[in-house]
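Start counting the sequence shown at 0; every next residue gets the next number (our numbering).
Note that the Cβ used here is the ideal one computed from N, Cα and C, for glycine as well.
Computed from a predicted structure; not experimentally measured.
In what follows, a single structure is set out as C-alpha cells and then discussed.
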Amino acid sequence: MIKLFISHASEDKADFVRPLAERLKTEFQVWYDEYELTVGDKLREKIDQGLRQCDYGVVVLSHHFFGKRWTQEELDGLFSLETIERKVILPVWKDITVEDVKKYSPILANRVAVSTDRGIEGVVHEIKKAVDLIDRYKSIETEAWKAKYSVLDKDITHKMKAQARFDSVEGVQQVSAAARSMIADAKSRVEQLNRESDFLKMEFVKDPSKTLPDSLFILGPFLPYSESTTKPPRLSLRFFFRHELSNSLRGCELAIDIARLNEQHSWEATFDLLRLVPKFDREFNVYWESRDKTFNDGSAILDFAFDRFAEILRKEADKAGSYRY
0 MIKLFISHAS
10 EDKADFVRPL
20 AERLKTEFQV
30 WYDEYELTVG
40 DKLREKIDQG
50 LRQCDYGVVV
60 LSHHFFGKRW
70 TQEELDGLFS
80 LETIERKVIL
90 PVWKDITVED
100 VKKYSPILAN
110 RVAVSTDRGI
120 EGVVHEIKKA
130 VDLIDRYKSI
140 ETEAWKAKYS
150 VLDKDITHKM
160 KAQARFDSVE
170 GVQQVSAAAR
180 SMIADAKSRV
190 EQLNRESDFL
200 KMEFVKDPSK
210 TLPDSLFILG
220 PFLPYSESTT
230 KPPRLSLRFF
240 FRHELSNSLR
250 GCELAIDIAR
260 LNEQHSWEAT
270 FDLLRLVPKF
280 DREFNVYWES
290 RDKTFNDGSA
300 ILDFAFDRFA
310 EILRKEADKA
320 GSYRY
C-alpha cells in the first residue's frame with residue numbers, strides 16, 4: 000500500500016492537518032508524527048526513517064511552515080529523494096498565495112498544488128489523483144523496460160537456436176530442399192511462359208562447367224535484331240545453389256545471374272548479380288538475404304528475378320533495332 004509522509008507545522012494540526020491525516024488513513028498508509036512518535040524517540044532518526052519508507056510527501060505549506068527549521072529539514076529530505084523520473088513532493092497550500100511560496104521556494108511555486116480552500120475532501124481527491132497519475136507513469140516505465148528485456152531475451156534465444164540450426168545436418172537439408180524447390184518452380188514458370196508466348200521462347204541448357212548440380216540455366220529467346228547484327232543477342236537467366244559442408248551452412252549461397260552468352264555459351268557480360276544467404280525466421284522457416292534485399296520465400300525471389308529478366312530483355316530488344324522479316 001502506498002505510504003504518505005505528512006510534513007507540516009504543529010500550528011496547523013488542529014484546524015487542518017489532523018483531520019487530513021485521519022481522512023488519508025482511509026486511502027493510504029500515513030506517516031504522521033502523532034501516529035509515529037512516542038516518548039523517548041529520537042525525533043531526527045524517526046523522521047529520517049519515515050522519509051525513507053514513504054512513497055510521497057504531502058507538504059502542507061503555510062506561514063507557520065515557512066518559519067520552522069524542522070519543516071525545512073523535512074522538505075530538504077523529500078527533495079533529496081526525488082529524481083528526474085520520480086516525483087515525491089505533493090504540495091498543499093494553506094492560507095498562502097503564490098507570491099508567498101515564491102519568496103520561500105521558487106521551485107515549489109512552479110509545482111502544481113492544491114489549496115486548502117478546496118476542503119479536506121477536495122485536497123484528498125487531488126492527492127489521490129496525483130498519486131494515481133504518477134504511479135501510472137511509473138508502471139508504464141516499468142513495463143517499458145521489462146518489455147525491452149523480454150524482447151532481448153527472445154531475440155538472443157532465437158539467435159542461439161538459429162545458429163544451432165545453421166550448423167546442423169538438419170539445417171543444411173532444410174535449406175537445400177528450399178533452394179531445390181525454388182529452382183523447380185523457376186523451371187515450371189519458364190514452361191508456362193513458353194506455352195503462353197507466341198515469339199519469346201526460352202530453352203533450358205546444362206551447366207557448362209558441370210560443377211553445379213543444383214542449378215537451372217535458362218537460355219532466353221532470340222531478340223529482334225538489325226541486318227547489321229551478325230548474330231542475334233541472347234541472354235541467359237541462371238539460378239544455382241551451392242554448399243560445401245554437409246553439417247553447416249557456412250559458405251552456402253543461392254545465386255542469380257543474368258548474362259549475355261556467346262556461341263560457346265560462355266558469359267560475355269553480366270547484367271545482374273544476386274548472392275543470397277539463408278536465414279531462419281522465428282518459426283524456423285527459411286528466408287534469404289543479400290546485402291540490400293530480403294526475400295521471405297522462393298516465390299519472392301522468382302518474382303524479382305523474372306521481373307529483372309523481362310526489363311533487361313526489353314532494353315536489349317530496343318537496342319538491337321528493328322525486326323528482320
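(1) Identify whether Leu248 lies in helix, strand or coil by the three-state DSSP scheme.
(2) Going by the CB atoms, is the gap between Arg22 and Ile329 shorter than 7 Å?
(3) Taking only the alpha-carbon atoms, compute the straight-line gap between Val87 and Gly170 and give it to the nearest angstrom.
(4) Terminal residues of the continuous beta strand (DSSP E) containing Leu3?
(5) What residue from Lys153, Leu192, Lys147 and Phe64 has the CA that sits closest to Glu282's CA?
(6) If Val122 sits next to Val130, beta carbons under 8 Å apart, how far is it from one beta carbon to the other, in whole angstroms?
(7) Kindly indicate the opening and closing residues of the beta strand (DSSP E) around Gly66.
(8) I'd like to know if Thr115 contacts chain D, where contact means its C-beta is closer than 7 Å to some C-beta of that chain.
(9) For Leu236, report the span of its beta strand (DSSP E) as first-last.
(10) Can the beta-carbon of Ser235 be found closer than 7 Å to that of Ala258?
(11) If you draw a straight line from the alpha carbon of Phe27 to that of Asp75, how long is it in whole angstroms?
(12) How big is the Cα-Cα spacing for Asp291 and Lys200?
(13) As a quick exercise: from Lys102, Ala176 and Gly219, pick the residue whose alpha carbon is nearest that of Phe308.
(14) Pick helix, strand or coil for Phe203, following the three-state DSSP scheme.
(15) Between which two residues does the beta strand (DSSP E) carrying Ile182 extend?
(16) Check Glu288 in the structure and name its three-state DSSP category.
(17) Within the same chain, show all residues whose beta-carbon is closer than 6 Å to that of Leu77, passing over the 5 residues directly before and after it, in chain order.
(18) Considering Cα atoms alone, identify which of Val168, Ser61 and His157 is closest to Asn246.
(19) Excluding the five sequence neighbours on either side, which residues of its own chain have a C-beta within less than 7 Å of the C-beta of Leu101, listed in chain order?
(20) Which same chain residues end up closer than 6 Å to Val29 when comparing Cβ atoms and leaving out the 5 residues on each side of it in sequence?
(21) His7 to Val59, Cα distance in whole Å?
(22) Considering only the beta carbon of each residue, do Phe240 and Leu253 sit closer than 7 Å?
(23) Check the DSSP bridge columns for Ile255 and list the partner residues they point to.
(24) Use the C-beta contact count for Lys93: other C-beta atoms within 10 angstroms, 16 or more gives buried, fewer gives exposed.
(25) Would you kindly report the start and end of the unbroken beta strand (DSSP E) that includes Pro88?
(26) Please list the terminal residues of the continuous alpha helix (DSSP H) segment that includes Ile106.
(27) DSSP three-state call for Asp306: helix, strand or coil?
Here's the rundown:
(1) Here residue 248 refers to the residue found at position 249 of the sequence shown. In the structure shown, Leu248 sits in coil (DSSP, three-state: anything other than H, G, I, E or B).
(2) The first residue shown for the chain is 0 and the last is 324, placing residue 329 beyond what the model contains.
(3) As a working mapping, residue 87 is identified with position 88 in the sequence shown. As a working mapping, residue 170 is identified with position 171 in the sequence shown. Rounded to whole angstroms, Val87 to Gly170 spans 56 Å at the Cα level.
(4) For the purposes of this step, residue 3 is identified with residue 4 of the sequence shown, where counting begins at 1. Its beta strand (DSSP E) spans residues Lys2 to Ser6.
(5) One-based indexing of the sequence shown puts residue 282 at position 283. If we check each option's Cα against that of Glu282, Lys153 comes out closest.
(6) By one-based count along the sequence shown, residue 122 stands at place 123. By one-based count along the sequence shown, residue 130 stands at place 131. Not confirmed; about 13 Å, so no contact.
(7) As a position in the sequence shown, residue 66 is number 67, starting the count at 1. Unbroken run through Gly66: none, as it is neither H nor E.
(8) Annotation note: the requested chain D is absent from the structure, which comprises a single protein chain.
(9) If you number the sequence shown from 1, residue 236 lands on position 237. Its beta strand (DSSP E) spans residues Leu234 to Arg241.
(10) What you label residue 235 is simply residue 236 of the sequence shown in a count that begins at 1. What you label residue 258 is simply residue 259 of the sequence shown in a count that begins at 1. Yes, they are a contact pair.
(11) Here residue 27 corresponds to residue number 28 of the sequence shown, with the count starting at 1. Here residue 75 corresponds to residue number 76 of the sequence shown, with the count starting at 1. One C-alpha to the other measures close to 23 Å.
(12) Within the sequence shown, the letter at position 292 stands for residue 291. Within the sequence shown, the letter at position 201 stands for residue 200. Near 32 Å, if we compare the C-alpha coordinates of Lys200 and Asp291.
(13) Counting from one through the sequence shown, the residue named residue 308 turns up at place 309. Ranking Lys102, Ala176 and Gly219 by Cα distance to Phe308 puts Gly219 first.
(14) One-based indexing of the sequence shown puts residue 203 at position 204. Reduced to three states, the DSSP call for Phe203 is strand.
(15) On the sequence shown, residue 182 is found 183 positions in, with the first residue counted as 1. Run containing Ile182: none in the beta strand (DSSP E); it sits in the alpha helix (DSSP H), Val168 to Glu195.
(16) What you label residue 288 is simply residue 289 of the sequence shown in a count that begins at 1. Strand at Glu288.
(17) Within the sequence shown, residue 77 is the residue found at index 78, counting from 1. The answer, listed in chain order, is Gly56, Val87 and Ile88.
(18) In the sequence shown, residue 246 corresponds to position 247, counting from 1. It is Val168 whose Cα lies nearest to the Cα of Asn246.
(19) Here the question's residue 101 lines up with position 102 in the sequence shown. A quick correction: the sequence has Lys, not Leu, at residue 101. Closer than 7 Å at the Cβ level, and outside the excluded window around Lys101, lie Ala108.
(20) To locate residue 29, count along the sequence shown from 1; it is residue 30. So the list reads Leu3, Ala20 and Leu23, once near-sequence residues are dropped.
(21) In the sequence shown, counting from the first residue as 1, residue 7 sits at position 8. In the sequence shown, counting from the first residue as 1, residue 59 sits at position 60. Approximately 5 Å, taken between the alpha carbons.
(22) Here residue 240 is taken as the residue at index 241 of the sequence shown, counted from 1. Here residue 253 is taken as the residue at index 254 of the sequence shown, counted from 1. Yes. Within cutoff.
(23) Here the question's residue 255 lines up with position 256 in the sequence shown. DSSP, once it has assigned bridges, lists Phe238 and Leu273 as partnering Ile255.
(24) As a first step, residue 93 is located in the sequence shown; it is residue number 94 there, counting from the start. With 16 or more other Cβ atoms within 10 Å, it is buried.
(25) Here residue 88 is taken as the residue at index 89 of the sequence shown, counted from 1. Here residue 88 turns out to be Ile, not Pro, going by the sequence shown. Start and end: Ile88 to Trp92.
(26) Position 107 of the sequence shown, counted from the first residue, corresponds to residue 106. Counting along the chain, the alpha helix (DSSP H) containing Ile106 begins and ends at Pro105 to Ala108.
(27) On the sequence shown, position 307 is the one that residue 306 refers to. In this structure, Asp306 counts as helix in the three-state DSSP scheme.
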